[in-house]
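Engineer: The sequence shown lines up with residues 1 to 738 when you count with my numbering.
The beta-carbon is built from N, C-alpha and C at its ideal position, and this holds for glycine as well.
All values reported here derive from a predicted model rather than from experimental measurement.
Quick one: the structure is below, and I'll ask about it shortly.
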Amino acid sequence: MGVALSKKARSKEGQDEEEEEAAQQTRKAVEHGRCGGRAGAAATQIAMDIQHEPNMFTNVKLMQGAGGLSPLSESLWKMTTDTQALGDVSARLAWKDLTVQVVSRRGGRPPHTVLHSLTGYAEPGQLMAIMGPSGSGKSTLLDTLAGRLASNAMQSGTVLLNGRRRKLCYGTAAYVTQDDNLIGTLTVRESIRYSAELRLPDRMERREKGAIVESVIREMGLKECANTTVGNWHLRGISGGEKRRVSIAIEILMRPRLLFLDEPTSGLDSASAFFVVQTIRTLARDGRTVIASIHQPSSEVFELFDNLFLLSAGHTIYFGDTFEACNFFANAGFPCPAMRNPSDHFLRCINSDFDRVKATIRGSFRIREHESFDPLDKVTTAQVVSVLLQAYQTSEYAMQAAAKFHEFSQHEGTVLESSGSQASFWKQMTTLTRRSFTNMSRDVGYYWLRVIMYVLVSICVSTIYLNVGTSYEAILARGSCASFIFGFLTFMAIGGFPSFVEDMKVFIRERLNGHYGVFAFVMGNTLSSMPFLFLIAILSATICYFMVGLHPGFLHYLYFTLILYGSLLVVEGLMMVIASLVPNFLMGIVTGAGIQGIFMLVAGYFRLLNDLPKPIWRYPLSYLSFDYWALQGQFKNDLLGMEFDNQAFAFPPKITGKYILEHFYQISTQRNKWFDLAMIVVMVITYRLLFLGAIKVKESIIPQVMAKLTHRSLQMATSIPEPPSPLTPSPIKELRRM
Numbered sequence: 001m002g003v004a005l006s007k008k009a010r011s012k013e014g015q016d017e018e019e020e021e022a023a024q025q026t027r028k029a030v031e032h033g034r035c036g037g038r039a040g041a042a043a044t045q046i047a048m049d050i051q052h053e054p055n056m057f058t059n060v061k062l063m064q065g066a067g068g069l070s071p072l073s074e075s076l077w078k079m080t081t082d083t084q085a086l087g088d089v090s091a092r093l094a095w096k097d098l099t100v101q102v103v104s105r106r107g108g109r110p111p112h113t114v115l116h117s118l119t120g121y122a123e124p125g126q127l128m129a130i131m132g133p134s135g136s137g138k139s140t141l142l143d144t145l146a147g148r149l150a151s152n153a154m155q156s157g158t159v160l161l162n163g164r165r166r167k168l169c170y171g172t173a174a175y176v177t178q179d180d181n182l183i184g185t186l187t188v189r190e191s192i193r194y195s196a197e198l199r200l201p202d203r204m205e206r207r208e209k210g211a212i213v214e215s216v217i218r219e220m221g222l223k224e225c226a227n228t229t230v231g232n233w234h235l236r237g238i239s240g241g242e243k244r245r246v247s248i249a250i251e252i253l254m255r256p257r258l259l260f261l262d263e264p265t266s267g268l269d270s271a272s273a274f275f276v277v278q279t280i281r282t283l284a285r286d287g288r289t290v291i292a293s294i295h296q297p298s299s300e301v302f303e304l305f306d307n308l309f310l311l312s313a314g315h316t317i318y319f320g321d322t323f324e325a326c327n328f329f330a331n332a333g334f335p336c337p338a339m340r341n342p343s344d345h346f347l348r349c350i351n352s353d354f355d356r357v358k359a360t361i362r363g364s365f366r367i368r369e370h371e372s373f374d375p376l377d378k379v380t381t382a383q384v385v386s387v388l389l390q391a392y393q394t395s396e397y398a399m400q401a402a403a404k405f406h407e408f409s410q411h412e413g414t415v416l417e418s419s420g421s422q423a424s425f426w427k428q429m430t431t432l433t434r435r436s437f438t439n440m441s442r443d444v445g446y447y448w449l450r451v452i453m454y455v456l457v458s459i460c461v462s463t464i465y466l467n468v469g470t471s472y473e474a475i476l477a478r479g480s481c482a483s484f485i486f487g488f489l490t491f492m493a494i495g496g497f498p499s500f501v502e503d504m505k506v507f508i509r510e511r512l513n514g515h516y517g518v519f520a521f522v523m524g525n526t527l528s529s530m531p532f533l534f535l536i537a538i539l540s541a542t543i544c545y546f547m548v549g550l551h552p553g554f555l556h557y558l559y560f561t562l563i564l565y566g567s568l569l570v571v572e573g574l575m576m577v578i579a580s581l582v583p584n585f586l587m588g589i590v591t592g593a594g595i596q597g598i599f600m601l602v603a604g605y606f607r608l609l610n611d612l613p614k615p616i617w618r619y620p621l622s623y624l625s626f627d628y629w630a631l632q633g634q635f636k637n638d639l640l641g642m643e644f645d646n647q648a649f650a651f652p653p654k655i656t657g658k659y660i661l662e663h664f665y666q667i668s669t670q671r672n673k674w675f676d677l678a679m680i681v682v683m684v685i686t687y688r689l690l691f692l693g694a695i696k697v698k699e700s701i702i703p704q705v706m707a708k709l710t711h712r713s714l715q716m717a718t719s720i721p722e723p724p725s726p727l728t729p730s731p732i733k734e735l736r737r738m
């Protein structure tokens, strides 16, 4: 009887603690809600939710089924995994003696050790923060644990997932990058719905997918802005905090067991940052293992984290319970002053930049009159870091981390396997086509502005060459008109390069988490752009053809339209290849303009084909130029079958189009004009395949080659010891993400 009463008392005590925790969250949310704005309103909304249901966090735990999952997470996991007997599907991550070395891409420099023998763990239901000054290795540790280390870096040590050495697979883990690369013309609900269609199984009914989308919208607190566009350069959209929550919502659709977030509060105000982290904490309470890197959180945000991993120059300063960190610093001789944000105090202790700040303050007149009682003013950052490093290495926190790793390594848990997207290739391709078409139709700068410019330029060209006729002067006029149309009108496709770059940013983010395949993306992008390019081609061709008075006849008009359409498709493919290789906006514009300029030079109008230098310019560049095939086809289409007045000599009175082609433009008439159109079609396919290949090479082959070179460089440098400078943080300049 006494034991039962004791258990009931402990249960009641635990319930009271959870209710008190909920009450604290309510007060914080209401306080942030007073800040105003949409983020403040969202914070107030969650506060009201907690007030109406004070045991919200308790209810989440009660709702959890096998493996600490809520019913929705458990049912979705069953549909997206090959594991038959689920049991405990939570993820326990542990690492020991984790070291990362980076090799400079420039060469000639010794390898730089970014992380030094780190040991730690992350458990389900908890939110861990990786914190430290700039250059301390936060993002490197996050990337290493997520298996996304750059190709010029090598890691050593042990990383265990549920007691096993296994690579993280798509669907098991999700990574939310610092930049919110979203499609600005879509609404919040559309962004999440398209992502659901791209990844959820085809056998799942549309109603079930919609229910999951609405559940994620409510879970992330996006209900009020669900029908608001995300926003871009010409569309007013949601706030920065809401964009960050949309990015998180997209990645948790598949209910990953591990969630990595790189600087989730970067660029957000205090209210937005609090609500974002509050939402992330709720996700952790659903049985997920959540790890986030963060630079300098506010005191309210800092209290939301369960565990803290504090780094300085790649060394562990502290790892353990967040609320024990103040005690650790106090015992080491650096207590946190009253009314100071603990995270600010920790960074002030280990950031060498504060040495210059303290020197400046000491030099001021006001400070010289009064002696400082802050112990940090009397020591350098290097001395503080040295004391903290020694204190941690001999502390109970370090021993507990080692003991936990040993415990995890002795018990092999469930093998978490998921292939990421469960949608078929056909579903992915059609969904990407619809999404891209929607984006292109809503974004004024993608095609509509170009349509207007093409129409205006076509009218200008047509008025200059209006009713060109069949006089002797018309021979040159028709050639220059065709050269301008297939040169400059296709050159204007460079205007779409900024949109191509934005598409690639979205693709890289989604590809990072295995949303879909590369071929599905290439096909979707191609199919969605074809109607807009055909609209541009038919408008420009119609205006130019009838106003200039080109060769009459429907077949001639059709051919002119088709070859212009094909040329536009080729240029779009070329610019997409450049966008995949040169993501920088300015470099891409210069590269595309240079390539198209060379193609125009060797097309056969500015310099006749037989007069081109044979090496390089005639062979092979002229054959690789789409302008060459387009001009040849259009010259044949316009001149063959026509006669022009002869003013060069007395006889004959008329000059045939065939004579002009062979003697004026040095174009052989042995090949049919449809052969030239077929070559344009071949180039359309070739450039799309090059686009596909460029992505594959950048995604797979280059990282493998760089990894081998890095490994060889590290082997050669093993005999050269790295200069010992573990106490001074240094920026990680060598590490570049692929």
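In angstroms with no decimal places, state the Cα-to-Cα distance between Y447 and F532.
Structural biologist: Here residue 447 refers to the residue found at position 447 of the sequence shown. Here residue 532 refers to the residue found at position 532 of the sequence shown. Their backbone Cα atoms lie some 7 Å apart in a straight line.
Engineer: Within 10 angstroms of its Cβ, does P821 collect 16 or more other Cβ (buried), or is it exposed?
Structural biologist: With the chain running from 1 to 738 in the structure shown, residue 821 is simply not present.
Engineer: Between which two residues does the beta strand (DSSP E) holding S776 run?
Structural biologist: In the structure as shown, the chain starts at 1 and stops at 738, and residue 776 therefore has no counterpart that could be examined.
Engineer: Is it true that the CB of P124 sits closer than 8 Å to the CB of R288?
Structural biologist: Walking along the sequence shown from the start, residue 288 turns up at place 288. Walking along the sequence shown from the start, residue 124 turns up at place 124. Cβ distance < 8 Å, so R288 and P124 count as in contact.
Engineer: What first and last residue would you give for the beta strand (DSSP E) that runs through E242?
Structural biologist: What you label residue 242 is simply residue 242 of the sequence shown in a count that begins at 1. Here E242 belongs to no beta strand (DSSP E); instead the alpha helix (DSSP H) covers 240-251.
Engineer: So, are the CB atoms of V397 and G320 less than 8 Å apart?
Structural biologist: What you label residue 397 is simply residue 397 of the sequence shown in a count that begins at 1. What you label residue 320 is simply residue 320 of the sequence shown in a count that begins at 1. A quick correction: the sequence has Tyr, not Val, at residue 397. Yes, these two residues count as a Cβ contact at 8 Å.
Engineer: Please tell me whether I695 and V518 are closer than 8 Å, where the distance is taken between their beta carbons.
Structural biologist: Sequence index remark: in the sequence shown, residue 695 carries index 695 (1-based). Sequence index remark: in the sequence shown, residue 518 carries index 518 (1-based). Contact flag set, yes.
Engineer: Please report the Cβ distance between L198 and S421, rounded to the nearest whole angstrom; I am assuming they are in contact, meaning their Cβ atoms lie under 8 Å.
Structural biologist: As a working mapping, residue 198 is identified with position 198 in the sequence shown. As a working mapping, residue 421 is identified with position 421 in the sequence shown. With a Cβ gap of about 6 Å, L198 and S421 count as contacting.
Engineer: Might you give, ordered along the chain, the residues of its own chain that have their beta carbon closer than 7 Å to the beta carbon of V582, omitting 5 neighbours on each side?
Structural biologist: Here residue 582 corresponds to residue number 582 of the sequence shown, with the count starting at 1. Excluding sequence neighbours, V582 sits near G588, T591.
Engineer: Can you tell me whether D232 is buried or exposed? The criterion is at least 16 other CB atoms within 10 Å of its CB, across all chains shown.
Structural biologist: Your numbering for residue 232 matches position 232 in the sequence shown. For clarity, residue 232 is Asn in the given sequence; the question names Asp instead. Per the 10 Å Cβ criterion, buried.
Engineer: Considering N637, what are the terminal residues of the beta strand (DSSP E) in which it resides?
Structural biologist: The residue you call residue 637 lines up with position 637 of the sequence shown. N637 -> not in any beta strand (DSSP E); alpha helix (DSSP H) instead, spanning 626-639.
Engineer: Does D676 come out as helix, strand or coil in the three-state DSSP assignment?
Structural biologist: As a working note, residue 676 is residue 676 in the sequence shown. Three-state DSSP puts D676 in a helix.
Engineer: Taking the Cβ atom as the reference point for each residue, do Q126 and T144 lie within a distance shorter than 8 Å?
Structural biologist: On the sequence shown, position 126 is the one that residue 126 refers to. On the sequence shown, position 144 is the one that residue 144 refers to. Going by C-beta atoms, Q126 is not nearer than 8 Å to T144.
Engineer: Once you ignore the five residues that flank S471 on each side, which residues in its own chain have a CB closer than 6 Å to its CB?
Structural biologist: Your numbering for residue 471 matches position 471 in the sequence shown. Excluding residues within five positions, the ones whose Cβ falls inside 6 Å are D645.
Engineer: According to DSSP, V100 sits in a beta bridge with which residue or residues?
Structural biologist: In the sequence shown, counting from the first residue as 1, residue 100 sits at position 100. For V100, which the question treats as bridged, DSSP gives the partners L115, Q155.
Engineer: Do you know whose CA, among I563, E643, K658, lies nearest V681's CA?
Structural biologist: Numbered from 1 along the sequence shown, position 681 holds the residue referred to as residue 681. For the residues I563, E643, K658, the minimum Cα distance to V681 belongs to I563.
Engineer: Where does the unbroken beta strand (DSSP E) through S421 begin, and where does it stop?
Structural biologist: By one-based count along the sequence shown, residue 421 stands at place 421. Taken as a continuous stretch (DSSP letters only), S421 belongs to no beta strand (DSSP E), as it is neither H nor E.
Engineer: Measure the CB-CB distance between A593 and F486 and report whether it falls below 8 Å.
Structural biologist: Within the sequence shown, residue 593 is the residue found at index 593, counting from 1. Within the sequence shown, residue 486 is the residue found at index 486, counting from 1. No, Cβ-Cβ distance for A593 and F486 is not below 8 Å.
Engineer: Taking L692 as the reference, give the member of R218, M523, E643 with the closest Cα.
Structural biologist: Your numbering for residue 692 matches position 692 in the sequence shown. Closest by alpha carbon: M523.
Engineer: Among E407, S352, N525, which has the Cα closest to the Cα of T438?
Structural biologist: Here the question's residue 438 lines up with position 438 in the sequence shown. The shortest Cα separation from T438 among E407, S352, N525 belongs to N525.
Engineer: Along the chain, where does the beta strand (DSSP E) that runs through L258 open and close?
Structural biologist: Counting from 1 along the sequence shown, the entry for residue 258 is found at position 258. Element bounds for L258: 258-262.
Engineer: Find the nearest neighbour of S622 within the set Y545, I598, G147, judged by alpha-carbon distance.
Structural biologist: On the sequence shown, position 622 is the one that residue 622 refers to. With distances taken between Cα atoms, S622 lies closest to I598.
Engineer: Taking the straight line between their C-alpha atoms, what separation do you get for A150 and F323?
Structural biologist: Indexing the sequence shown from 1 puts residue 150 at position 150. Indexing the sequence shown from 1 puts residue 323 at position 323. Straight-line Cα distance between these residues: approximately 33 Å.
Engineer: Would you check if the stretch 492-500 and the stretch 566-581 touch, i.e. whether three or more CB-CB distances between them fall below 8 Å?
Structural biologist: Yes, the stretch 566-581 touches the stretch 492-500.
Engineer: Any idea which residues DSSP pairs G320 with across the strands?
Structural biologist: On the sequence shown, residue 320 is found 320 positions in, with the first residue counted as 1. In the DSSP output, where bridge partners are listed per residue, G320 has L308.
Engineer: State yes or no: is the C-beta of S272 within less than 8 Å of the C-beta of G221?
Structural biologist: Along the sequence shown, read from residue 1 onward, the residue named residue 272 stands at position 272. Along the sequence shown, read from residue 1 onward, the residue named residue 221 stands at position 221. No, they are not a contact pair.
Engineer: For the beta strand (DSSP E) that contains L612, what are its first and last residues?
Structural biologist: Walking along the sequence shown from the start, residue 612 turns up at place 612. L612 -> no beta strand (DSSP E), and no H or E assigned at all.
Engineer: When you compare the CB positions of L535 and T433, do they come within less than 8 Å of one another, or not?
Structural biologist: Here residue 535 refers to the residue found at position 535 of the sequence shown. Here residue 433 refers to the residue found at position 433 of the sequence shown. It is not a contact, given that the beta carbons lie outside the stated cut-off.
Engineer: Beta-carbon within less than 7 Å of S75's beta-carbon, same chain only, minus the 5 sequence neighbours each way: which residues are those?
Structural biologist: As a first step, residue 75 is located in the sequence shown; it is residue number 75 there, counting from the start. Any reading at S75 is ruled out, since the residue's pLDDT is 48, under 50, leaving its predicted position unreliable.
Engineer: How would you call W426, buried or exposed, if buried means at least 16 neighbouring beta carbons within 10 angstroms?
Structural biologist: Sequence index remark: in the sequence shown, residue 426 carries index 426 (1-based). Exposed.
Engineer: Going by CA-CA distance only, name the one from S312, I217, V276, N307 that's closest to G137.
Structural biologist: Within the sequence shown, residue 137 is the residue found at index 137, counting from 1. Of the candidates S312, I217, V276, N307, the one whose C-alpha sits nearest the C-alpha of G137 is S312.
Engineer: Taking the straight line between their C-alpha atoms, what separation do you get for N327 and I280?
Structural biologist: Indexing the sequence shown from 1 puts residue 327 at position 327. Indexing the sequence shown from 1 puts residue 280 at position 280. Each residue's alpha carbon lies about 26 Å from the other.
Engineer: On the DSSP bridge list, what partners appear for W95?
Structural biologist: For the purposes of this step, residue 95 is taken as the residue at position 95 of the sequence shown. DSSP output for W95 lists G120, V159 as bridge partner(s).
Engineer: Between which two residues does the alpha helix (DSSP H) carrying V590 extend?
Structural biologist: Locating residue 590 in the sequence shown gives position 590, where the first residue counts as 1. Segment 585-601, the alpha helix (DSSP H) holding V590.
Engineer: Between the Cα of I350 and those of M131, H116, F521, A122, spot the shortest distance and give me the residue it belongs to.
Structural biologist: Stepping through the sequence shown from its first residue, residue 350 is reached at position 350. The shortest Cα separation from I350 among M131, H116, F521, A122 belongs to M131.
Engineer: Alpha carbon to alpha carbon, how far is A541 from V548? Give it in angstroms, no decimals.
Structural biologist: As a working note, residue 548 is residue 548 in the sequence shown. As a working note, residue 541 is residue 541 in the sequence shown. Rounded to the nearest angstrom, the two C-alpha atoms are 10 Å apart.
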